[in-house]
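Under our numbering, read the sequence shown as residues 549 to 708, first letter to last. Each remark here refers to the structure printed beneath this line.
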Amino acid sequence: NATVIERGVTPLMISMLSSLEDFIQLDMPFKKEARLDAVSDLEINLDSAKFSAAEKFRQILELYDIESDYSLSIESYRDLVDINSDGTEVEVDMLRIGRVALMYQTKDKSQSGAWNKDTSSWETLGSEYRRPIDQGIRIARKVNTQDVMEMPITAPEVAR
549 NATVIERGVT PLMISMLSSL EDFIQLDMPF KKEARLDAVS DLEINLDSAK FSAAEKFRQI
609 LELYDIESDY SLSIESYRDL VDINSDGTEV EVDMLRIGRV ALMYQTKDKS QSGAWNKDTS
669 SWETLGSEYR RPIDQGIRIA RKVNTQDVME MPITAPEVAR
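Structure representation (structure tokens):
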């Protein structure tokens, strides 16, 4: 019976959105506000009679697909970031490499940094990374052709 299935699917969709929101909160902080807004929009849609259960489920799966694609892509965008942990946001060029690395570079290229997953904070990088990060930004923007990049990426560790 379709009504029984719909009653069972709704708690599943609520759980899926809650899990996705938790995942985004724990993930690297790239486009965090937009990603959380997308989850909020779908939570609003769950209460709406405007969409069928099938359409609501399709929208949730589409959002999961978008989040999954972030793992396989490289992108560069402008953002405001508190790079000095003093409450002052600075406009920087961001470079995201999958879910492996999130880096920034100031517009004048004088300062570069990377997101430290262990401390959940930005760390300033040495000047030796300025050129590779700039190269990565140019590759992500498709100004340069793809090439091997030397980046400050920490190796995964065994969970204990």
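For every residue, glycine included, the Cβ atom is placed at its ideal position computed from N, Cα and C.
I need the DSSP call for residue i, collapsed to helix, strand or coil.
i      : result
THR558 : helix
VAL629 : strand
GLY684 : helix
MET564 : helix
GLU615 : helix
THR551 : helix
SER669 : strand
GLN607 : helix
Ignore the nearest five residues each way along the sequence and tell me which others in residue i's own chain have a CB closer than 7 Å to its CB.
i      : result
GLY661 : ILE631, MET651, TYR652, TRP670, GLU671, THR672, LEU673
LYS580 : ILE572
MET561 : LEU594, LYS604, PHE605, ILE608
GLU569 : LEU584, VAL587
TYR677 : SER660, PRO700
Leaving out five residues before and five after residue i in sequence, what residues of the same chain have Cβ atoms less than 6 Å from its Cβ?
i      : result
GLU623 : ARG644, ALA688
SER686 : Looking at the sequence shown, residue 686 is not Ser but Arg. Hits under 6 Å: ASN692.
Who pairs with residue i in a beta bridge, going by DSSP?
i      : result
GLN781 : Beyond the ends of the chain as shown, which are 549 and 708, falls residue 781; an answer cannot be given.
ILE622 : ILE645
Between the Cα of residue i and the Cα atoms of the options, which residue gives the shortest distance?
i      : options                        : result
MET699 : THR693, LYS690, TRP663, ASN692 : TRP663
GLU591 : LEU565, GLN659, ILE553, ASP613 : LEU565
ALA601 : ASP682, ALA550, LYS690         : ALA550
GLY646 : SER567, ASP656, ILE701         : ILE701
THR667 : VAL552, LEU574, ILE553         : LEU574
Output yes if chain B places a C-beta closer than 7 Å to the C-beta of residue i; else output no.
i      : result
MET697 : Chain labels in this structure do not include chain B; a single protein chain is all it has.
Can you list, in chain order, the residues of its chain whose CB lies under 8 Å from that of residue i, leaving out five sequence neighbours each side?
i      : result
GLN694 : ILE687
Any chance the stretch 637 to 645 sits against the stretch 599 to 609, with 3 or more Cβ pairs inside 8 Å?
-> Using a C-beta cut-off of 8 Å, the stretch 637 to 645 makes no contact with the stretch 599 to 609, since fewer than three inter-stretch Cβ pairs fall below that distance.
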